[in-house]
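Peer 1: The sequence shown maps to residues 88 to 559 in the working numbering.
We put the CB at the ideal spot given by N, CA and C, even for glycine.
These numbers were taken from a predicted model, which means no experiment stands behind them.
Supplied in structure tokens, the structure appears directly below.
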Amino acid sequence: MSQADPAFLAHCRELLGQAHVLTGAAAMAPFLADWRGRFTGSAQAVLRPATVEQVAALVRACARWRVALVPQGGNTGLVLGSVPDASGAAVVLSLARLNRIRAVDPVNRTITVDAGCILQHVQEAAALAGCLFPLSLAAEGSCTIGGNLSTNAGGTAVLRYGNTRELCLGLEVVTPQGELWSGLRGLRKDNTGYDLRDLYIGAEGTLGVITGAVLKLYPQPKARVTALAALASPAHALRLLGVMQDHCGASLTGFELMSRFCLDLVAAHFPQLPRPFAGAHAQYVLLELSSSESEAHAVALLETSVAAALDADVVEDAVVATSVAQSQGLWQLREHIPLAQAAAGKNIKHDVSLPISAIADFIAGTAASLERAFPGAQLVCFGHLGDGNLHYNVAPPAGAGERQFLAHQDAINRIVHDSVDSYGGSISAEHGIGALKRDELARYKSPLELQLMRAVKAALDPLGIMNPGKVL
Ligand code: FAD
88 MSQADPAFLA
98 HCRELLGQAH
108 VLTGAAAMAP
118 FLADWRGRFT
128 GSAQAVLRPA
138 TVEQVAALVR
148 ACARWRVALV
158 PQGGNTGLVL
168 GSVPDASGAA
178 VVLSLARLNR
188 IRAVDPVNRT
198 ITVDAGCILQ
208 HVQEAAALAG
218 CLFPLSLAAE
228 GSCTIGGNLS
238 TNAGGTAVLR
248 YGNTRELCLG
258 LEVVTPQGEL
268 WSGLRGLRKD
278 NTGYDLRDLY
288 IGAEGTLGVI
298 TGAVLKLYPQ
308 PKARVTALAA
318 LASPAHALRL
328 LGVMQDHCGA
338 SLTGFELMSR
348 FCLDLVAAHF
358 PQLPRPFAGA
368 HAQYVLLELS
378 SSESEAHAVA
388 LLETSVAAAL
398 DADVVEDAVV
408 ATSVAQSQGL
418 WQLREHIPLA
428 QAAAGKNIKH
438 DVSLPISAIA
448 DFIAGTAASL
458 ERAFPGAQLV
468 CFGHLGDGNL
478 HYNVAPPAGA
488 GERQFLAHQD
498 AINRIVHDSV
508 DSYGGSISAE
518 HGIGALKRDE
528 LARYKSPLEL
538 QLMRAVKAAL
548 DPLGIMNPGK
558 VL
């Protein structure tokens, strides 16, 4: 890739105006640092287009001058996919100004949006039309639809509604040559050859720039009810999942596992949050049911199911939220785990998925291997158990030096990811690969899968300008 060419930046300024080609260190800083503050890259400029035509013209300019570009939405990604490398050769293409809700079709139950729309704004636009856009994650106030699609984001309602891929019917993409592919179809059935939409979803900006999308809407549930169950082990949590699915079917929309260590961390750093149980338990599950009938129906279903689990000794104790405030309090416990971890210090994070049936064995087996190699290492294990997705984070032993412990990151990754692999799991459930897990991907994907992925990349982006160094 070329180093800074003044003619390239002059052309970008002609396209966008001076104000939207950022080159000063202070102006660029928020676009160059990753959300966790682990890495700060460097760039020629941050480009801020406001229209699809501007995006296409900028990508054509990048192709002409051989400048690498890093698409960026809300920059909340957790795998160093949205920030440039340290060379200073790339530009960041921020989609934040491309943020119009283009159309809502309540009959087709679709919403068409620009890629830079913030997820929460899409949820709000759907609600105004009396519908639900169900994608929900703790970063929803900042992350964008383009980023959600490019990482195939998961979140807390995957159990019922699926990942972002399942919520997308059509895409609009600027190719690495700067051409515009309009695949903004609102069709639930469309078997017309290779599915280009699915190729771009989850591509982390390495194959093109997503500029728009047609997303699925759902009926707004009449009620949502929440409960917190206390259990003896992950195996009991799996049994509870079975009980809840048998009793509630598709009404079960959330099933989040949290270990005692996680809730102790939250209690230590956020003492104002509720403590639902007097005693301590080894594991907790946050449950959410949605009902298309009524709140009374949802509460009755939840109470009956939880009572069945108590009778069968699956659950040790449970509280059912009786108000919206109580329900929010329970969700806050879950949402504050990452914040409590950050307040407690650095740890080694893993976002893994497993066949649901293997989760209890995985947790026990991996913990034993880690204890053998790193006695006293503390596990911050929580996640979307209903989807087989765990955030399996490893913190230093109490009182141990953080820096010394983090130096063992590669060895700890090897223990965790080898264990994931041995159970047929994935080393990235919902955050993607980015630059952070690129070498891990090369280790765990088969040579044939890697070869096919490289062939797709070379066919679509022969100049290699799209987010180089990410994924592959
Ligand atoms: P960015 O971080 O800006 O970019 C992410 C990737 O997508 C990069 O590779 C980037 O190049 C590419 N990209 C962005 N926009 C485009 C575009 N328009 N076209 C092409 N490529 C593009 N993730 C989950 O899946 N589930 C969770 O529950 C979850 N919880 C989170 C909680 C917190 C507190 C935080 C900080 C993050 C969480 N994340 C979660 C991760 C993150 O929010 C998601 O990955 C989100 O989808 C990223 O969206 P973004 O707009 O911030 O994308």
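Let me confirm a value: Val194 is counted as buried when at least 16 other C-beta atoms fall within 10 Å, else exposed. Which label applies?
Peer 2: Counting Cβ neighbours within 10 Å, Val194 comes out exposed, since fewer than 16 surround it.
Peer 1: Measure the alpha-carbon distance for Gln131 versus Leu145 and round it to whole angstroms.
Peer 2: Whole-angstrom Cα-Cα distance: 14 Å.
Peer 1: Inspect the CB distances between the segment 327–340 and the segment 279–299 and report whether three or more fall short of 8 Å.
Peer 2: Touching, no, given that fewer than three Cβ pairs across the two stretches are closer than 8 Å.
Peer 1: In the DSSP assignment, find the unbroken alpha helix (DSSP H) run with Pro425 in it and report its ends.
Peer 2: Its alpha helix (DSSP H) spans residues Ile424 to Ala431.
Peer 1: Are there any heavy atoms of ligand 1 lying less than 7 Å away from the beta-carbon of Ala451, as far as the coordinates show?
Peer 2: Every heavy atom of ligand 1 is 7 Å or more from the Cβ of Ala451, so no.
Peer 1: Let's test the definition: count the other Cβ atoms within 10 Å of the Cβ of Pro564 and tell me whether it reaches 16, buried, or not, exposed.
Peer 2: Nothing about residue 564 can be reported from this structure: the residues present for the chain run from 88 to 559 only.
Peer 1: Alpha carbons only, please: which of Val407, Arg311, Ser515 and Pro221 is nearest the one belonging to Ser378?
Peer 2: When only C-alpha atoms are compared, the closest one is Arg311.
Peer 1: In the structure shown, what three-state DSSP assignment does Cys204 receive?
Peer 2: Three-state DSSP puts Cys204 in coil, outside helix and strand.
Peer 1: Is the beta carbon of Leu182 within less than 7 Å of some heavy atom of ligand 1?
Peer 2: True, at least one ligand heavy atom lies under 7 Å from that Cβ.
Peer 1: Using only alpha-carbon positions, find the residue among Pro321, Gln428, Gly270 and Leu271 that is nearest to Phe357.
Peer 2: Ranking Pro321, Gln428, Gly270 and Leu271 by Cα distance to Phe357 puts Gln428 first.
Peer 1: Can you check whether the CB of Gly203 is closer than 8 Å to the CB of Gly519?
Peer 2: Cβ distance not < 8 Å, so Gly519 and Gly203 don't count as in contact.
Peer 1: From what residue to what residue does the alpha helix (DSSP H) around Arg147 run?
Peer 2: Segment Val139 to Trp152, the alpha helix (DSSP H) holding Arg147.
Peer 1: State the CB to CB distance for the pair Val467 and Leu373, rounded to an integer number of angstroms; the pair is presumed to be in contact (CB under 8 Å).
Peer 2: Incorrect: roughly 16 Å between the Cβ atoms, too far for contact.
Peer 1: For a quick check, are the C-beta atoms of Arg252 and Ser181 less than 8 Å apart?
Peer 2: Contact flag unset, no.
Peer 1: Please state whether DSSP places Arg272 in a helix, a strand or coil.
Peer 2: Coil.
Peer 1: Could you check the C-alpha separation between Leu523 and Pro158 for me, to the nearest Å?
Peer 2: Between Leu523 and Pro158, the C-alpha separation is close to 17 Å.
Peer 1: Give the list of continuous beta strand (DSSP E) stretches no shorter than 3 residues that lie fully inside the segment 340–386.
Peer 2: Fully enclosed beta strand (DSSP E) runs of 3 or longer: 370–378.
Peer 1: Give me the Cα-Cα distance between Asn560 and Leu274, rounded to the nearest whole angstrom.
Peer 2: No answer is possible for residue 560: it lies beyond the span of the chain, which begins at 88 and ends at 559.
Peer 1: Per the contact definition of three or more C-beta pairs closer than 8 Å, is the segment 403–411 in contact with the segment 340–355?
Peer 2: Not touching, per the Cβ criterion.
Peer 1: Ignore the nearest five residues each way along the sequence and tell me which others in Ser392's own chain have a CB closer than 7 Å to its CB.
Peer 2: Closer than 7 Å at Cβ, skipping near neighbours: Val330, Met331, His334 and Cys335.
Peer 1: Please confirm whether any heavy atom of ligand 1 lies closer than 7 Å to the CB of Asn162.
Peer 2: Result yes, Cβ under 7 Å from ligand 1.
Peer 1: The beta strand (DSSP E) spanning Val407 covers which residue range?
Peer 2: Run containing Val407: Asp404 to Val407, per the beta strand (DSSP E) assignment.
Peer 1: Tell whether a beta-carbon distance below 8 Å holds between Thr313 and Ser223.
Peer 2: Cβ distance not < 8 Å, so Thr313 and Ser223 don't count as in contact.
Peer 1: Determine the contact status of Val142 and Val296, defining contact as a CB-CB distance below 8 Å.
Peer 2: Taking 8 Å as the Cβ cut-off, Val142 and Val296 qualify as a contacting pair.
Peer 1: Looking at C-alpha atoms only, which residue of Glu140, Ala114, Ala113 and Val154 is the closest neighbour of Pro93?
Peer 2: Answer by Cα proximity: Val154.
Peer 1: Using the rule of at least 16 other Cβ atoms within 10 Å of the residue's Cβ for burial, across every protein chain shown, is Pro534 buried or exposed?
Peer 2: It is exposed - the Cβ of Pro534 has fewer than 16 other Cβ atoms within 10 Å.
Peer 1: Using the beta-carbon count (16 or more within 10 Å), is Pro306 buried or exposed?
Peer 2: Exposed, since its Cβ has fewer than 16 Cβ neighbours within 10 Å.
Peer 1: Quick check: what's the CA-CA separation for Val387 versus Gly124?
Peer 2: Sequence inspection shows Ala at residue 387; the Val mentioned does not correspond to that position. Their Cα atoms are separated by approximately 45 Å.
Peer 1: Is DSSP giving His98 helix, strand or coil here?
Peer 2: DSSP places His98 in helix when its eight states are reduced to three.
Peer 1: May I ask you to list the residues that DSSP assigns as paired with Lys303?
Peer 2: Lys303 is bridged to Thr197.
Peer 1: Ignoring anything shorter than 4 residues or poking outside the segment 466–523, list the alpha helix (DSSP H) runs there in chain order.
Peer 2: Within the segment 466–523, the complete alpha helix (DSSP H) runs of at least 4 residues are 489–493 and 496–509.
Peer 1: Please check the pair His495 and Glu527, which I expect to be a contact at CB under 8 Å, by giving their CB distance rounded to whole angstroms.
Peer 2: Not really, about 16 Å apart at Cβ, beyond 8 Å.
Peer 1: Measuring only the C-alpha atoms, how far is Ala173 from Val179?
Peer 2: C-alpha separation (whole angstroms): 12 Å.
Peer 1: Expressed to the nearest angstrom, what Euclidean distance is found between the alpha-carbon atoms of Asn186 and Gly511?
Peer 2: In a straight line, the C-alpha of Asn186 is about 39 Å away from that of Gly511.
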